[in-house]
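What follows is a single structure, written as structure tokens, with notes after it.
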Amino acid sequence: MAINLPKTINSKLAALAVVLGVIALFVGNPMKNNAKVNLYEISQKIEESKSKVSPETLAEWIIAQKADFALVDLRDEKQFNEYHITQAENIQLQKLIKSNLPKTQKIILYSDNDGFVSAQAWFLLISKNYNNVYVLDGGLDKWKKNVLFPSLSATANSEEKAKFEKMKEVCKFFGGMALGVDSTNSGASVAGMPKLTAPAGGGAAPKSGKPKKEGC
Amino acid sequence: MSPFYKFGYFGDEASFIIAFITGIGFGFFLEKGGFGSGNKLAAQFYFKDLTVFKVMFTAIITAMLGIFFLGAFGLMDISMVYTTDTFMIPQIVGGLLLGLGFVVGGYCPGTSIVSCSIGRIDPIFYVIGIFVGIFIYGEVYPFISGFANSTPMGRITIPEYFNISYGIIVFLVVLMAIGGFIGSEWVEKKYGYKKGDGK
Chain A
399 MAINLPKTIN
409 SKLAALAVVL
419 GVIALFVGNP
429 MKNNAKVNLY
439 EISQKIEESK
449 SKVSPETLAE
459 WIIAQKADFA
469 LVDLRDEKQF
479 NEYHITQAEN
489 IQLQKLIKSN
499 LPKTQKIILY
509 SDNDGFVSAQ
519 AWFLLISKNY
529 NNVYVLDGGL
539 DKWKKNVLFP
549 SLSATANSEE
559 KAKFEKMKEV
569 CKFFGGMALG
579 VDSTNSGASV
589 AGMPKLTAPA
599 GGGAAPKSGK
609 PKKEGC
Chain B
632 MSPFYKFGYF
642 GDEASFIIAF
652 ITGIGFGFFL
662 EKGGFGSGNK
672 LAAQFYFKDL
682 TVFKVMFTAI
692 ITAMLGIFFL
702 GAFGLMDISM
712 VYTTDTFMIP
722 QIVGGLLLGL
732 GFVVGGYCPG
742 TSIVSCSIGR
752 IDPIFYVIGI
762 FVGIFIYGEV
772 YPFISGFANS
782 TPMGRITIPE
792 YFNISYGIIV
802 FLVVLMAIGG
812 FIGSEWVEKK
822 YGYKKGDGK
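Read top to bottom, the protein sequences are chains A and B.
With our numbering applied, the first sequence closes on residue 614, and no number is skipped along the way.
With our numbering applied, the second sequence closes on residue 830, and no number is skipped along the way.
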């Protein structure tokens, strides 16, 4: 190996690398807080409704112990402590942009039935170039209705019944209970699930995919 | 703002052309760096010639510092750079297999193609082996898919995993590389080809 000539260049380059490395040490994080928003991309995401995850799909992911998503509860601490979905972490809207949620994972946001807070959070994260941000469709209310306390309408067809049977198992996993046909039972007394009142009636749970429209 | 493709500065078709040109440049410099010779590649495992190691580490820290500072100056959104999912145990096993193949065959997949392009014969068998291996893997995949998908960690980076700043990791990798360069010079002096070795 010829060492003489390259050695000087090499050692200069090595010194430069060390200097840059030391600067890097002080720079810390190369990911900045300034945001550049691609409005076209965002509008497309909204249009393709790639921004929602149904409660049933989320339940499946949690049961399957998928590790590729982070679940964020946007409600205040008190509500969070009363009840939250397994695995969720509690980050309120104002703390969201400072949090170091991994950009490489899916992020699923939820609050109560009001999609407004989740939508705001969704936009903040999308603006920060988070690519895989989703809102739990229907929020916690739909989660209670479809996953924790699924019920079957009296007029359900066989397909809906099959889905209900499946959800019966799923709800047990999360400590809820199936309410049976058109039940008026209250789920509020279920242990560890305070203040969860099951809505009366309601259709069977859609499996996944297109979220069912509901007035909330 | 980069990555250019992710920000839509050019479309799919243009990206193929850019990838083609980048690929030619990449292959050219691999060959120039001595990666076209299986002897040279394998020599590093016998501490005879650590050129390959040095070229690799130079490339790693050059790319790393470049990306880091592009990010720091706001010219690149690093989080949009693709990284693969981590499956800890299967990837360790896969890495060991690849390393074993590297020592035995003298090539890694990329360098075998580079070596083919300069007309050597041995890498042709290596490349054939790659495709046979891919085919066999595909056939047995149903039986080993459980293992292949075990210990999933998602897309995670070292700074994220240990919850430390990217700068610290950059600094440590630079130190590691410099230490590696000094160490490899020393190793080459001790074990490397002497004058009259016919090399």
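The beta-carbon is built from N, C-alpha and C at its ideal position, and this holds for glycine as well.
Source: prediction; values computed, not measured.
Which stretch, first to last residue, makes up the beta strand (DSSP E) that contains residue i?
i: D471 of chain A; result: F467 to D471
i: Y508 of chain A; result: K504 to Y508
i: Y792 of chain B; result: Per DSSP, Y792 of chain B belongs to no beta strand (DSSP E); it is in the alpha helix (DSSP H), I789 to F793.
i: P783 of chain B; result: P783 to G785
i: V531 of chain A; result: V531 to L534
Measure the Cβ-Cβ separation of residue i and residue j and say whether it is below 8 angstroms.
i: I489 of chain A; j: V515 of chain A; result: no
i: V531 of chain A; j: L523 of chain A; result: yes
i: G419 of chain A; j: V805 of chain B; result: yes
i: A808 of chain B; j: F688 of chain B; result: yes
i: I505 of chain A; j: A554 of chain A; result: no
i: V745 of chain B; j: F666 of chain B; result: yes
i: D708 of chain B; j: Y824 of chain B; result: no
i: I749 of chain B; j: E819 of chain B; result: no
i: A519 of chain A; j: L550 of chain A; result: no
i: V533 of chain A; j: K450 of chain A; result: yes
i: P428 of chain A; j: G702 of chain B; result: yes
i: C747 of chain B; j: V735 of chain B; result: no
i: T788 of chain B; j: T714 of chain B; result: yes
i: G664 of chain B; j: Y738 of chain B; result: no
Roughly how many angstroms lie between the CA atoms of residue i and residue j, to the nearest whole one?
i: F756 of chain B; j: V763 of chain B; result: 10 angstroms
i: L594 of chain A; j: G574 of chain A; result: At L594 of chain A the pLDDT is 43, less than 50, meaning the model places this residue with poor confidence and gives no usable figure here.
i: D535 of chain A; j: I483 of chain A; result: 14 angstroms
i: Y528 of chain A; j: S441 of chain A; result: 15 angstroms
i: M695 of chain B; j: K540 of chain A; result: 45 angstroms
i: R751 of chain B; j: I698 of chain B; result: 35 angstroms
i: Q722 of chain B; j: I495 of chain A; result: 33 angstroms
i: M784 of chain B; j: G777 of chain B; result: 15 angstroms
i: V700 of chain B; j: N511 of chain A; result: The identity of residue 700 of chain B in the sequence shown is Phe, whereas the question assumes Val. Cα-Cα distance, rounded: 43 angstroms.
i: L727 of chain B; j: F733 of chain B; result: 10 angstroms
i: I691 of chain B; j: K542 of chain A; result: 50 angstroms
i: E445 of chain A; j: F571 of chain A; result: 34 angstroms
i: F812 of chain B; j: F676 of chain B; result: 15 angstroms
i: E791 of chain B; j: I648 of chain B; result: 34 angstroms
i: I655 of chain B; j: E816 of chain B; result: 30 angstroms
i: V683 of chain B; j: I761 of chain B; result: 21 angstroms
i: I421 of chain A; j: G705 of chain B; result: 16 angstroms
i: N794 of chain B; j: I800 of chain B; result: 11 angstroms
i: Y481 of chain A; j: K559 of chain A; result: 28 angstroms
i: E770 of chain B; j: S781 of chain B; result: 19 angstroms
i: G642 of chain B; j: F635 of chain B; result: 10 angstroms
i: A603 of chain A; j: S452 of chain A; result: The predicted model places A603 of chain A with a pLDDT of 37, which falls under 50 and marks its position as unreliable; any figure quoted below should be read in that light. Going by the C-alpha atoms only, they are around 10 angstroms apart.
i: F521 of chain A; j: Q463 of chain A; result: 27 angstroms
i: G814 of chain B; j: W459 of chain A; result: 47 angstroms
i: V417 of chain A; j: A457 of chain A; result: 49 angstroms
i: G725 of chain B; j: S633 of chain B; result: 32 angstroms
i: A674 of chain B; j: P754 of chain B; result: 16 angstroms
i: R786 of chain B; j: F478 of chain A; result: 27 angstroms
i: A415 of chain A; j: N498 of chain A; result: 28 angstroms
i: V545 of chain A; j: T717 of chain B; result: 30 angstroms
Mind listing the chain A neighbours of residue i? Cutoff is C-beta to C-beta under 7 angstroms, in chain order.
i: S796 of chain B; result: G426 and N427
i: A703 of chain B; result: V425 and P428
i: F831 of chain B; result: In the structure as shown, chain B begins at 632 and stops at 830. Residue 831 of chain B is therefore absent and cannot be evaluated.
i: D708 of chain B; result: N527
i: I692 of chain B; result: A415
i: I799 of chain B; result: L423
Over the uninterrupted alpha helix (DSSP H) stretch that includes residue i, give me the two end residues.
i: G573 of chain A; result: Note, G573 of chain A: premise wrong, no alpha helix (DSSP H); not H, not E.
i: K807 of chain B; result: A quick correction: the sequence has Met, not Lys, at residue 807 of chain B. Start and end: Y797 to Y822.
i: Y438 of chain A; result: L437 to E445
i: K663 of chain B; result: D643 to K663
i: P453 of chain A; result: P453 to I461
i: A517 of chain A; result: G513 to S525
i: G537 of chain A; result: G537 to W541
i: L491 of chain A; result: L491 to L494
i: Q477 of chain A; result: E475 to E480
Strictly below 9 angstroms CB to CB, what residues from chain A border residue i?
i: L806 of chain B; result: V416 and G419
i: P634 of chain B; result: Going along chain A, no residue has its Cβ under 9 angstroms from P634 of chain B, so there is no contact; the nearest lies around 11 angstroms.
i: M711 of chain B; result: K501, N527 and N529
Quick one: which chain A residues come within Cβ less than 8 angstroms of residue i?
i: T714 of chain B; result: T502
i: L696 of chain B; result: A415, L418, G419 and A422
Report the neighbours of residue i on chain B: residues whose CB is nearer than 9 angstroms to its CB, in chain order.
i: A519 of chain A; result: Those within 9 angstroms of A519 of chain A in chain B number zero; the least Cβ separation is about 18 angstroms.
Kindly list, in the order they appear in chain B, the residues whose Cβ is closer than 8 angstroms to that of residue i.
i: I466 of chain A; result: Residue identity differs from the one stated: residue 466 of chain A is Asp in this sequence, not Ile. Those are D716, P783, G785 and R786, listed as they occur along chain B.
Can you pull the chain B neighbours of residue i, defined as C-beta to C-beta under 7 angstroms?
i: A412 of chain A; result: I809 and F812
Quick one: which chain D residues come within Cβ less than 8 angstroms of residue i?
i: F802 of chain B; result: Absence of chain D from the displayed structure is noted, the protein chains being A and B.
- Output the residue ranges of the alpha helix (DSSP H) runs that lie fully inside the stretch 707-752 of chain B and measure 4 residues or longer, sorted by chain position. 719-736 and 740-748
- Just list the alpha helix (DSSP H) runs in the stretch 665-706 of chain B, keeping only unbroken ones of 4 residues or longer that don't cross its boundaries, in chain order. 669-674 and 682-703
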